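Working notes, beginning with the structure itself.
Numbering (my numbering), first residue to last: 115 to 649.
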């Protein structure tokens, strides 16, 4: 074997290839089920239900994309360009709905808007108004659009705002010199240049909507994720569940491929001299419009649901026994901490291999490592369950229904989050320090541990925090793959809600929100410090 081949095939290559295979193989195994002999359940679904599943899934996703984008993009523009009262609070507060899982938001709003909930009770007892209960019925597709849009828009908001903060002030200033108002500059200049950022955020919103199980199952919306679960659990027809999973997987991969192809198109000339936009003081009607929109969204997405959860927690804590509450909290935090650490280490290996070698294998490993985020959680769950059961049967490993299987699911699903943050950190520090250390006799591993990691501490912490928050909120994987009698906060919330005990689920819901908010606040402070404290 020549020296060139040895340099390509080394420990970094072996580890990265194994990691990529761990992520891809379980999901590829589901595709061959498209060619299995169909069952009677599949014939029934194809003839009577499949069209409704497809239409409802597409309609729900497109509706959520439209509404969330209409919320996120104006908010990102206003917070970046204008100065108004409370901007410092709202710049972070408008991202906080991301700390509330959509399924918890769905349960909370369902309880708030129900006949005995706060809203209708206030109207009847205080204002003497007896509204039509159907007006407040949120258990519908429209209610799902409301919940998803309100609690997923921060994906688009944060990406677009980050893009706008890096934009050249010359664009806005040139537009104003030519006589264009701020509205004209937004629609004719900034919006076209922001389309890649908008598309990136919208893609994340779409993937989260398609992947959801908690909201659509509770609201009774017939989409692919609920169909997979019903085929698997209710009908005990695994082949049909796998066939539906394969169809959904192919559809999602086509959508993400189209998104990547669109993002590869140029958006316009790049400026070599970039400086952030200088905020303009909002005055008059514009000021009040901004305040109404920003504080209205903040109230609906944070204040009302969190306030209701706190009230329910105070009321139910003395009447409901929570013998295993702290055990569930420890399970959730411990699982998130351990899995996040594993994911960050694996992502670090793949990212460092791709950075150092830049060959076909390294690029393939890097692309395969992040493909799992586009795969819905229900699909990952069913494929992993069958994959591990097959391994147990062939190799007698007894890994099925263990925390190892849950960890594998999280690695597949959330590797992309850690990888992209770490890759961004590597891009900032470059290769010059590694090359200098190599000339002094350090090996590649020593360079990583002693040179690179201290300089990209913030990127590693950011990758860990984002992964931790997503795992704490996650429901389908831990619900379907957990060991027997292993409960987390999210599974307990799901069980209480489906037993129509929404107020009793509030302590666990509040714990999830707090476990998500605190790391997000730490990450926000880190990023503000990195930008020099600019809001």
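From the three backbone atoms N, C-alpha and C, an ideal C-beta is built for every residue, glycine too. Computed from a predicted model, the values in this text were never measured in an experiment.
- Shown here, residue 197 sits in a strand according to DSSP, grouped into three states.
- By a beta-carbon distance limit of 8 Å, residue 129 contacts residue 463. Their separation comes to about 5 Å.
- Shown here, residue 395 sits in a strand according to DSSP, grouped into three states.
- A direct Cα-Cα distance of roughly 9 Å separates residue 266 from residue 178.
- In the structure shown, the three-state DSSP call for residue 618 is helix.
- Taking 9 Å as the cut-off, the beta carbon of residue 593 is found no closer than this to the beta carbon of residue 332.
- Remark: C-beta atoms of residue 270 and residue 213 do not approach each other more closely than 9 Å.
- Of 259, 209, 359, 203, the smallest CA-CA separation from residue 634 is found for 209.
- Distance from residue 319 to residue 224 at the Cβ level is roughly 21 Å; contact not present, criterion being Cβ atoms closer than 8 Å.
- A straight line joining the alpha-carbon of residue 586 with that of residue 173 spans about 29 Å.
- Bounds of the alpha helix (DSSP H) holding residue 223 are 216-227.
- By the criterion of a C-beta distance shorter than 7 Å, residue 548 is surrounded in its chain by 561, 565, 566, once the five residues flanking it on both sides are discounted.
- Taking the Cα positions, residue 595 is about 30 Å away from residue 637.
- The Cβ atoms of residue 175 and residue 342 do not sit closer than 9 Å to each other.
- Looking at 311, 442, 403, the one whose alpha-carbon comes closest to that of residue 275 is 311.
- One alpha carbon belongs to residue 632, the other to residue 163, and they sit about 43 Å apart.
- C-alpha of residue 321 to C-alpha of residue 554: approximately 46 Å in a straight line.
- Straight-line measurement puts the Cα of residue 226 at about 39 Å from the Cα of residue 156.
- Taking the Cα of residue 533 as reference, the smallest distance to any Cα among 134, 127, 124, 125 is reached at 134.
- Spatial neighbours of residue 448 in its own chain (CB-CB distance under 7 Å, excluding positions within 5 residues in sequence) are not present.
- In the three-state DSSP reduction, residue 209 falls in the coil class, being neither helix nor strand.
- When DSSP states are grouped into helix, strand and coil, residue 419 belongs to the helix group.
- The residue among 360, 488, 575, 393 with its C-alpha nearest the C-alpha of residue 148 is 360.
- The residue from 459, 528, 515, 452 with its alpha-carbon nearest to that of residue 487 is 528.
- In the three-state DSSP reduction, residue 268 falls in the helix class (H, G or I).
- Judged by DSSP in its simplified three-state form, residue 151 adopts coil rather than helix or strand.
- Per DSSP, the continuous alpha helix (DSSP H) segment holding residue 234 begins and ends at 232-239.
- Put simply, the stretch 251-265 does not touch the stretch 291-305. Fewer than three CB pairs are less than 8 Å apart.
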